[in-house]
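Undergrad: For reference, the structure I am asking about is given below.
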Amino acid sequence: DVKVTQSSRYLVKRTGEKVFLECVQDMDHENMFWYRQDPGLGLRLIYFSYDVKMKEKGDIPEGYSVSREKKERFSLILESASTNQTSMYLCASIPGRYRYGYTFGSGTRLTVV
Amino acid sequence: KNQVEQSPQSLIILEGKNCTLQCNYTVSPFSNLRWYKQDTGRGPVSLTIMTFSENTKSNGRYTATLDADTKQSSLHITASQLSDSASYICVVSADSSYKLIFGSGTRLLVRP
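Chains as they are written, first to last, in the working numbering: chain A, 79 to 191; chain B, 5 to 116.
As structure tokens, this is what we get:
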């Protein structure tokens, strides 16, 4: 089975801190995604990457950046965390053909205080 | 506008009973529809994925149906168990697109 691992289950950060959320997948998938999930809003796409060093903005990229230096690792960066970025963050990956199912990580619950 | 709507928002049933969750979508052109189960505080886990030509797919006690003409899908859970308590999310993807359109989910609680 494909495994998508997010480095932290829970994080508490202070406003203004730089925050790194890490995601690693072990099946050589080309495509990796970062979503945030908020009650009543469902999952919203922040950024995705279709290859090493390639990235595209999703629906809500403001306040976030990403890094993909290696195929298996996709990092989400909050340059200056704010309280409205308190959320559940989910990483996902799929192989090159989009018709296959996404595999999600377990999620990181980020609280910004 | 591409949208996925799920009903009901929440549902409480007794252990051992059956239930059906609904999903209506307006995504076009349609590629596939997926049902995910998400336990509290965890990431979604895939239950089923169906393409245009498939109208039913089962995964154990979970059976998903798809009516591409009416753009409706349902997830039927048979003989519910306490471990079925979770959110169930319907997700639709447009043809040849990386983008997924997520429903807001149905929160199911199974009581003993």
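Idealized CB from N, CA, C, for every residue including glycine.
Determine, using beta carbons only, whether residue 3/B comes closer than 8 Å to chain A.
TA: Absent from the structure is residue 3/B, since the part of chain B shown begins at 5 and ends at 116.
Undergrad: Taking residue 184/A as the query, report the chain B residues whose CB atoms sit under 7 Å from its CB, ordered along the chain.
TA: Within chain B, the residues near residue 184/A are 46, 47.
Undergrad: Any beta carbon from chain A within less than 8 Å of residue 5/B's own beta carbon?
TA: With a threshold of 8 Å between beta carbons, residue 5/B makes no contact with chain A.
Undergrad: Assuming residue 86/B contacts residue 25/B (C-beta within less than 8 Å), just tell me the rounded distance between them.
TA: The Cβ separation is near 17 Å, so there is no contact.
Undergrad: How about residue 50/B: is its C-beta nearer than 8 Å to some C-beta of chain A?
TA: Closer than 8 Å to some Cβ of chain A, the Cβ of residue 50/B qualifies, so yes.
Undergrad: Tell me residue 111/A's beta-bridge partners as DSSP assigns them.
TA: 126/A, 170/A
Undergrad: Using alpha carbons as the reference points, say which of 46/B, 69/B, 44/B lies closest to residue 52/B.
TA: Residue 52/B has its Cα closest to that of 69/B, out of 46/B, 69/B, 44/B.
Undergrad: Out of 63/B, 62/B, 95/B, 116/B, state which residue places its alpha-carbon closest to the alpha-carbon of residue 75/B.
TA: 95/B
Undergrad: Is there at least one Cβ from chain A nearer than 8 Å to residue 111/B's Cβ?
TA: no
Undergrad: Between residue 163/A and residue 32/B, what straight-line distance do the alpha-carbon atoms span, to the nearest angstrom?
TA: If I take the Cα positions, the gap works out to 31 Å.
Undergrad: Assign residue 16/B to one of two classes, buried (16 or more other C-beta atoms within 10 Å of its C-beta) or exposed (fewer than that).
TA: exposed
Undergrad: How would you label residue 88/B, buried or exposed, when you count the other beta carbons within 10 angstroms and need 16 or more for buried?
TA: buried
Undergrad: Quick check: the Cα distance between residue 111/B and residue 152/A, rounded to an integer number of angstroms?
TA: The alpha-carbon atoms of residue 111/B and residue 152/A are separated by roughly 30 Å.
Undergrad: Count the other C-beta atoms from every protein chain shown that fall within 10 angstroms of the C-beta of residue 14/B, then say buried if there are 16 or more, exposed otherwise.
TA: exposed
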